[in-house]
Amino acid sequence: MHVFSIRRPRSLRKVMLGVAGLTGFLVVWQLVPTLGLINSQYLPYVTDIFARLAEEFRDLAFWRRLGHTMTSWAIGLAVATAAAVVLGTIVGLVPFLRRATHTVVEFLRPIPSVALIPLAVLLFGIQMQAALLIIIYASFWQVFVQVIYGVADVDAVARDTARSFGLTRRERLSYLVLPTALPYLMTGVRLAAAVALILAITAEMVIGNPGLGRMIELSRSAGDSVGLYAFVVVTGLLGLLVNIVFRFIERRSLSWHQSVRGEEVL
Amino acid sequence: MSAHTDRIARRSRGGGLGRRVAAGFLYSLGLPFLLLVIWGLASSSSTNRFFPGPLTILEAFRETWIGPAFVDDVLPSLYRLALGIAASIVIGIAAGTLIGLFRPLRELLEPLLEFFRAIPPPVLIPVVMLLLGITDTMKVVVIVSGAVWPILLNTIDGVRATDSVMSETADSFQITWWERLRFLVLPAASPRIMTGVRQGLSVALILMVISEMFASSAGLGYRIAYFQRNYLIAEMWSGILLLGLVGVLLAATFGVVERRVLRWYHGIREVNRA
Amino acid sequence: GCTDSDATPSGENSGELRQVRVAALPITETAALWGGMKAGIFEKHGLAVEVLPAQGGALAIPALINGDIDFAIGQPFGPFRADLQDLGVVIIGNYASSYAEGDDINAVVASAKSGITRPAELAGKRVSVNSLGAAGDVTIMAAVEKDGGDPTTIKFVEVAFPDVPAQLEADNIDAAWVPEPFVTQLRSRGDTFIVAPYQAVAPGLATLTAIATKEQMDSDAELIADFTAAMKETLEWAQDSANETAVRQAIKDNLELPEPVADSVKLPRFGWELDRASLESLATLAGKYKVLDQQPNFDRLIQQQ
Amino acid sequence: MPDRSTLLRVEHLRKVYESANGDVEAIGDISFTMRSGELVCIVGPSGCGKTTLLKCLAGLLRPTSGLVEMDGQPVTGPSPAMAVVFQEYGRSLYPWLTVRGNVELPLRHKRLSRQERDKLVTDAIEAVGLAHAARSHPWQLSGGMQQRVAIARAIAYQPEVLIMDEPFAAVDAQTRADLEDLVRELHRTRKISVLFVTHDIDESVYLGERVLVLSASPTWVQEDLAVDLPPERDQITTRALPRFTELRTHVYDQIQRAKRGQAVAP
Amino acid sequence: MPDRSTLLRVEHLRKVYESANGDVEAIGDISFTMRSGELVCIVGPSGCGKTTLLKCLAGLLRPTSGLVEMDGQPVTGPSPAMAVVFQEYGRSLYPWLTVRGNVELPLRHKRLSRQERDKLVTDAIEAVGLAHAARSHPWQLSGGMQQRVAIARAIAYQPEVLIMDEPFAAVDAQTRADLEDLVRELHRTRKISVLFVTHDIDESVYLGERVLVLSASPTWVQEDLAVDLPPERDQITTRALPRFTELRTHVYDQIQRAKRGQAVAP
Ligand SMILES: Nc1ncnc2c1ncn2[C@@H]1O[C@H](COP(=O)(O)OP(=O)(O)OP(=O)(O)O)[C@@H](O)[C@H]1O
Ligand SMILES: Nc1ncnc2c1ncn2[C@@H]1O[C@H](COP(=O)(O)OP(=O)(O)OP(=O)(O)O)[C@@H](O)[C@H]1O
Ligand SMILES: [Mg+2]
Ligand SMILES: [Mg+2]
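Residue numbers (our numbering), protein chains in the order written: chain A, 80 to 345; chain B, 228 to 501; chain C, 30 to 334; chain D, 17 to 282; chain E, 17 to 282.
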């Protein structure tokens, strides 16, 4: 068995496969109305959607709306993540707090943010803050729960090591607890990023402040299915983009972790 | 000066049980009770109609949910919720395991999954409705379309993080594919899977409401939307209260299951807690 | 090259104008408001209006109470409910009404497959409205009863207007209550017009009203007066058939409707004068069909300006 | 014993770990053969590539270049006839299974009756002196006990080839002696071929029929020493033989030279 | 050396692990004292409770009953003057830090200048022979190298008391000898008190001023042996002393009796 060292261009293959997956999906989509499974009036052809997208991409207004949506997304996600990491770490580390807050957390978590929109409007009016409140509320829990579990995952021997060397609380946090919780946190943030995007758009749809969501709602109420799906596709693409960014961060920050380094061997 | 610790040495198992249950009770109800009191005090001094006091809401709760509404609105919702959760767990774990184990599959599907994950369910509902009609199936599908992600993502990440020495052990002993799954991959990923399931539970509940807020004429979510539109503020809050209670109930049930499934995991954690 | 469809014609001299925020749904009816703004009617009355596309009364009324917006244009059921809950909301004028005769602005249309031809046959069938517990289902029930059917057996489902054509075709519902342009669209593909429930039950019923808060009325009578004057003028302007092209142009400017639809969509009757009797009869019907369990206090609610 | 067939043939084996901060040449160029039924001990300085070598032989790691043949077939993956005791014994046990479950696991897919399997498991656990702990979980055991579980698992599997990576590092002297005798007995009665990595020079001489001394990195086989002690060995008498002392001194010198990097590649 | 003050006093220490499938009595009744600056080796059968004992002394585990005093104060938690090398060295290293980062970590909260700290770290890493691997991550190292990182970390910390749990189990004979001399040197020049668990009987006699032999479970101190070898020790000459052979044979017999459970509680 003569094997020679070949560094395969992994990333290239990865991109190719990913594109293949997306293309396959688009082909299926194109086929559904073509074969008449669903009337093309309700599920338009992919080709039409791309034509519309090309048109939108040349429109400054489109980018401005996208900007609105992404601004509330980014602010909401950042605030939610920061709050969830801080609170999650504190609650996760202090058994008393964890037990005492358990019921309240479980009570608050399943309250749908969509149901809270009127209250948000009541508090902030038809403003971005109202949408932000909703985004933060929904994405906070995603990160919070992951952090609580992650913080509890510290290895017993690793913790004893920290204790025996008398690491200060801060050092223990930054060198032991957070690295352990980081894989959990990354998953949480990726979940929260999608949730925040969904809510940024839903809030715009319902509250009606400017952004992608309002465009979706406008297309919808006009019965313009090509426009509707074009914006939905933009949403999906945004999700994809956000994920690529987070994957990149993850590969950087988790290069030591089994899930990332495991890919390098064999 | 000595550290004789004879007295704290052993928790007596029999008498301690009662006290543990009492402590558990206190822990789980202490903070909620405290918050209720604070809220009651705050609302009695404010006159904002949109934030009624707890007593008003409890009254509304009793009138709204205890009675036929429970059978007509709540039970069907819970039934769909249960179906949705079960389907999400099965799909999430099964697909997550496959995707986590097979790198090409992951590379093939990841962009597609991320694409779908970002699409807001309210936009998805009309399409699903078109395919499945205005049926329970459609609502269950909507629930699954949201609740499956935390489970799926956590499973993928958990499966990918299986310790290298452990999987080499499995390789070297020629463990069959099925045994590998059953005795290595799933247990190793189970802490992550459980995190995902716990997330998924509340997301499922949220989507149950959303699936009923659009295109429906009954159900808990529909009721809440209805109260909202009609400014029946106390009733709306009582619906949210009910959702919260369902959430707590789900979490409690899940807690029991988790303690069973992750007994080894919690065992390790408790070992050196001096 | 790049375009910018948001670019607003410059030259707004909003120097000493008073800022007013009005919530209105992004539907064709709002064209009168947009058209009036463009025609400079509000400016003339010292107002600079900003239209916020709030989705329905459920959001507009909290925002009104919160003071974030000054006025809302919405269906009368919103203020009915708000009045029942004592939220301090008043209807200060009409905005748009249905037609007492001729083609109305909305109708119940049944799919060809269902074989329904008249209102009484809706009994026992699945009928969609955009929002349960409002004017749609109340007037449909009344129309069915009037035609000899049993209104209690109708299965109402919530389906958003834009989704109706697809759902009708997929046989998920038997009939649907839709406004224009969907009525025309459905009829042209072979579905059956059943009834225009507003016209059948309460001819000339108000579909949209102008809403404010009692508090606002007491504290800022000047604003109310200015807005009333401007609205009166705007609605008269919009109702004038000479200005129809301008109104239709406002639709095209503000909604993403296809051009032919914008040109042909049926517009409601605009007017500031409230028809209190039709509103009261609507409320009575709602009481009868258990959609409202109490009657709103019309003396308090309706404050025609 | 020249009639025994060749079990393992390693030729010009080379392994380079590629990583972000530079490549590490774990194995330079190793060639040797091993006959069926032989007991070969491998010694060498810490970090010289013993574990890497074993993983390549067991088909767990793909060599960078070179040939590994087992029974005349190139090794492409783990073979069912082989059992491995890993150096990182703690991590090779599954914490969610009991001791018994861990030992039983690899037997599940062997076609054995319930009784046979139970007997194998019970015998193996008894042989390493853990009968009293069979129902404990690995994390409830001491380090040495964990290591013995890993050994029991390999024994119960009844392999034809047993690969052991410092299997007795964590057990006390007396237990170690007992386990050494157990391995020799398995080797002699069941004709199991054994590849045994150890740092204990006496152990390598006492156990082995051959001792391979590896050089420091870049690794090659510095010495392939035949142990000409009688096949019947005994902790007291064998270790007291003058030839034993000669051999162990020889190996010790070799190791010392290897460590100091004084040996020259052949 | 009777003038040296008492560092550690252990009286009637008992530790029972409570677990779902029954309680395990890890330590029966241990009493001993250790003077400041002493080097005490602990030997005993596998699973007799050595690790448990060390954890209790280090303040990482709360004894079920009994007294542990250090410098006259009861031990309630880990002391900053103490460094521990854990038996599970692999798990006590943080995979997200490099070798250097791991060694440096406990020094961070010591008030040291940048240069001092760097020097300590570099020296410690060189002392264990890992200068070439300072920038690797623990999972890129061999078992023996990982163990040496854990040792380097403890040395760099410059503790007054050094607790080592089978620290040389995974390194080769030559490296082991070097590290033994390193420990003795630290002990002699810096007057560090050392508690050293080992399974290598020769090592315990070569290193220790006293050897504590523990019995099998339920554990008590079976023998407290003073090693009356000259303080200046040397791998060749000391190990060749007849007294050395006498002592090691004595300890070996004790271990054997301990293992067989023949010894009787005092
Ligand atoms: N995953 C890895 N990535 C990069 N380098 C590695 C990896 N695993 C091992 N190495 C390097 O390969 C070399 C050989 O390692 P190996 O574990 O085979 O040594 P060993 O002979 O088993 O040592 P020991 O006796 O200490 O266990 C070492 O220099 C080590 O740093
Ligand atoms: N977390 C635990 N839960 C229950 N029992 C435990 C736990 N840790 C250790 N034990 C038990 O306590 C006893 C002593 O364990 P300990 O690790 O102290 O032994 P040791 O002397 O260090 O052994 P070795 O030399 O093998 O490392 C063993 O019987 C072990 O099974
Ligand atoms: Mg090794
Ligand atoms: Mg131990």
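C-beta atoms are modelled at their ideal positions from N, C-alpha and C, and glycine is treated no differently.
Just checking: is the beta-carbon of P96/D within a distance shorter than 8 Å of some beta-carbon in chain B? Your numbering for residue 96/D matches position 80 in the fourth sequence. With respect to chain B, the C-beta atom of P96/D has a partner C-beta closer than 8 Å.
Query - Collapsed DSSP secondary structure at N118/A in the structure displayed - result: By 1-based counting over the first sequence, the position of residue 118/A is 39. Coil.
**Prompt:** Applying the criterion that 16 or more other CB atoms from any shown protein chain within 10 Å of the CB defines a buried residue, is M180/E buried or exposed?
**Reply:** One-based indexing of the fifth sequence puts residue 180/E at position 164. Looking at its Cβ environment, which holds 16 or more other Cβ atoms inside 10 Å, M180/E is buried.
Report task. Spell out whether any CB of chain A is found under 8 Å from the CB atom of A186/E. Result -> Locating residue 186/E in the fifth sequence gives position 170, counting from the first residue. Closer than 8 Å: no.
Requested in this report: Report the residues of the segment 354 to 385 of chain B with a CB closer than 7 Å to any CB of chain C, ordered along the chain.
Outcome: Per Cβ criterion, the list reads M356, L357, G360 and I361.
Quiz item: Could you give the residue range of the alpha helix (DSSP H) that holds W206/C?
Solution: Your numbering for residue 206/C matches position 177 in the third sequence. Premise fails: W206/C lies in the beta strand (DSSP E), A204 to P208, not in any alpha helix (DSSP H).
- Rounded to the nearest angstrom, how far is the Cβ of S248/C from that of I202/C, given a contact under 8 Å? For the purposes of this step, residue 248/C is identified with residue 219 of the third sequence, where counting begins at 1. For the purposes of this step, residue 202/C is identified with residue 173 of the third sequence, where counting begins at 1. In this structure S248/C is not in contact with I202/C, their Cβ atoms being roughly 47 Å apart against a cut-off of 8 Å.
Compute the beta-carbon to beta-carbon distance between T80/D and K31/D, rounded to the nearest angstrom, for a pair I have assumed lies under 8 Å. In the fourth sequence, the residue the question calls residue 80/D occupies position 64. In the fourth sequence, the residue the question calls residue 31/D occupies position 15. Between T80/D and K31/D, the beta carbon gap of about 5 Å places them in contact (Cβ cut-off 8 Å).
query = Among all the DSSP beta bridges, which residues are the ones paired with S209/D?
reply = Locating residue 209/D in the fourth sequence gives position 193, where the first residue counts as 1. Per the DSSP secondary-structure output, S209/D pairs in a beta bridge with V177/D.
Report the residue from V222/A, N288/A and L255/A whose alpha carbon sits nearest the alpha carbon of M265/A. Taking the first sequence and counting its residues from 1, the one referred to as residue 265/A is at position 186. Looking at V222/A, N288/A and L255/A, the one whose alpha-carbon comes closest to that of M265/A is V222/A.
Does the beta carbon of K66/E fall short of 7 Å from some heavy atom of ligand 4? Your numbering for residue 66/E matches position 50 in the fifth sequence. If you check the C-beta of K66/E against ligand 4, you find a heavy atom less than 7 Å away.
message = Check whether chain E comes within 8 Å of Y254/A, counting only Cβ atoms and requiring the distance to be less than that.
response = Within the first sequence, the letter at position 175 stands for residue 254/A. Yes, Y254/A lies at the interface with chain E (some Cβ there is under 8 Å from its Cβ).
(Q) Suppose contacts are defined by Cβ-Cβ distances below 8 Å. Is L55/E in contact with L195/E by that definition? (A) Numbered from its first residue, the fifth sequence carries residue 55/E at position 39. Numbered from its first residue, the fifth sequence carries residue 195/E at position 179. Not a contact, by the Cβ cut-off of 8 Å.
| query | Should E290/B be labelled buried (16 or more other beta-carbon atoms within 10 Å of its own) or exposed? | reply | Taking the first residue of the second sequence as 1, we reach residue 290/B at position 63. The residue is exposed, with fewer than 16 neighbouring Cβ atoms inside 10 Å.
| field | Proximal chain B residues relative to S14/D, where beta-carbon distance stays under 8 Å | value | Residue 14/D cannot be examined here, being either before or after the span of chain D that is shown, 17 to 282.
Per-residue burial, P174/A [other beta carbons within 10 Å of its own, 16 or more giving buried]: If you number the first sequence from 1, residue 174/A lands on position 95. Burial call: exposed.
*Looking only at its own chain, which residues have a Cβ that is under 7 Å from the Cβ of R144/A, when we skip the five neighbours before and after it?*
As a first step, residue 144/A must be located in the first sequence, where it is residue number 65. Excluding positions up to five away in sequence, the list reads P289, G290, L291 and M294.
>> Could you check whether A275/A and W152/A sit closer than 8 Å to each other, using their CB atoms as the reference points?
In response: As a first step, residue 152/A is located in the first sequence; it is residue number 73 there, counting from the start. As a first step, residue 275/A is located in the first sequence; it is residue number 196 there, counting from the start. With contacts defined by Cβ atoms closer than 8 Å, W152/A and A275/A form a contacting pair.
- Can you list the residues of chain E that M161/D reaches, using a CB-CB cut of under 7 Å? Residue numbering aside, residue 161/D sits at position 145 when the fourth sequence is read from its first letter. The answer, in chain order, is S62 and G63.
Problem - Counterpart residues of Y33/D in DSSP-defined beta bridges - result: As a working mapping, residue 33/D is identified with position 17 in the fourth sequence. Beta-bridge pairing links Y33/D to V40/D.
Margin query: Using the three-state DSSP reduction, which class does G159/D fall into: helix, strand or coil?
Written below: Position 143 of the fourth sequence, counted from the first residue, corresponds to residue 159/D. When DSSP states are grouped into helix, strand and coil, G159/D belongs to the helix group.
| What residues from the segment 154 to 184 of chain A come within 7 Å of chain B, judged by C-beta to C-beta, listed N to C? | Within the segment 154 to 184 of chain A, the qualifying residues are R178, A179, T180, H181, T182 and V183.
The alpha helix (DSSP H) spanning N358/A covers which residue range?
-> Because chain A in this structure spans residues 80 to 345, residue 358/A falls outside the shown range and cannot be described.
State yes or no: is the C-beta of S298/A within less than 8 Å of the C-beta of G306/A?
Residue mapping note: residue 298/A aligns to position 219 of the first sequence, counting from 1. Residue mapping note: residue 306/A aligns to position 227 of the first sequence, counting from 1. Going by C-beta atoms, S298/A is nearer than 8 Å to G306/A.
- prompt: If we cut at 8 Å on Cβ distances, does S39/C have a partner in chain B?
  reply: In the third sequence, counting from the first residue as 1, residue 39/C sits at position 10. Reliability fails at S39/C, whose pLDDT of 43 lies under 50, so the model's placement of it is uncertain and the value that follows must be treated cautiously. False, the Cβ-Cβ gap to chain B never drops below 8 Å.
Buried or exposed: where does H148/E fall if 16 or more other Cβ atoms within 10 Å of its Cβ makes it buried? Along the fifth sequence, read from residue 1 onward, the residue named residue 148/E stands at position 132. That one is exposed.
Worksheet item: Any heavy atom of ligand 1 closer than 7 Å to the Cβ of D188/E?
Response: Working through the fifth sequence from its first residue, we reach residue 188/E at position 172. Answer for D188/E: yes, Cβ within range of ligand 1.
Expected contact under 8 Å - CB spacing of V386/B and T324/B to nearest Å:
Start at 1 with the first residue of the second sequence, and residue 386/B comes out as number 159. Start at 1 with the first residue of the second sequence, and residue 324/B comes out as number 97. With a Cβ gap of about 6 Å, V386/B and T324/B count as contacting.
Exercise for the section: Kindly indicate if chain A contains any beta-carbon less than 8 Å away from that of L73/E. Expected result: As a working note, residue 73/E is residue 57 in the fifth sequence. Taking a beta-carbon distance threshold of 8 Å, L73/E does not count as an interface residue toward chain A.
Sequence-distant residues of its chain with Cβ nearer than 6 Å to D99/C (five each side left out): Here residue 99/C refers to the residue found at position 70 of the third sequence. Here the set comprises V49 and R50.
Subject >> Cβ neighbour criterion (16 or more within 10 Å) applied to S21/D >> reply: Counting from 1 along the fourth sequence, the entry for residue 21/D is found at position 5. When all chains shown are included, S21/D counts as exposed.
Chain B within 8 Å of S243/A, Cβ atoms only: Stepping through the first sequence from its first residue, residue 243/A is reached at position 164. No, its Cβ sits nowhere closer than 8 Å to a Cβ of chain B.
Q) Along chain B, in chain order, which residues have C-beta atoms closer than 9 Å to that of R110/C? A) By 1-based counting over the third sequence, the position of residue 110/C is 81. Correct list: R456, N457, Y458 and L459.
Check: Anyone know if the C-beta pair for T180/A and L258/B falls short of 8 Å?
Finding: Translated into the one-based positions of the first sequence, residue 180/A becomes position 101. Translated into the one-based positions of the second sequence, residue 258/B becomes position 31. The criterion of a C-beta distance shorter than 8 Å is satisfied by T180/A and L258/B.
* To do: Kindly provide the ranges of any beta strand (DSSP E) runs that are 3 or more residues long and lie completely inside the segment 87 to 139 of chain C, ordered along the chain.
  => DSSP runs (the beta strand (DSSP E)) wholly in the segment 87 to 139 of chain C: 100 to 103, 118 to 126 and 135 to 139.
Can you list, in chain order, the residues of the segment 479 to 495 of chain B whose Cβ is nearer than 7 Å to any Cβ on chain D?
-> Those residues of the segment 479 to 495 of chain B that come within reach of chain D (Cβ to Cβ, closer than 7 Å) are W491, G494 and I495.
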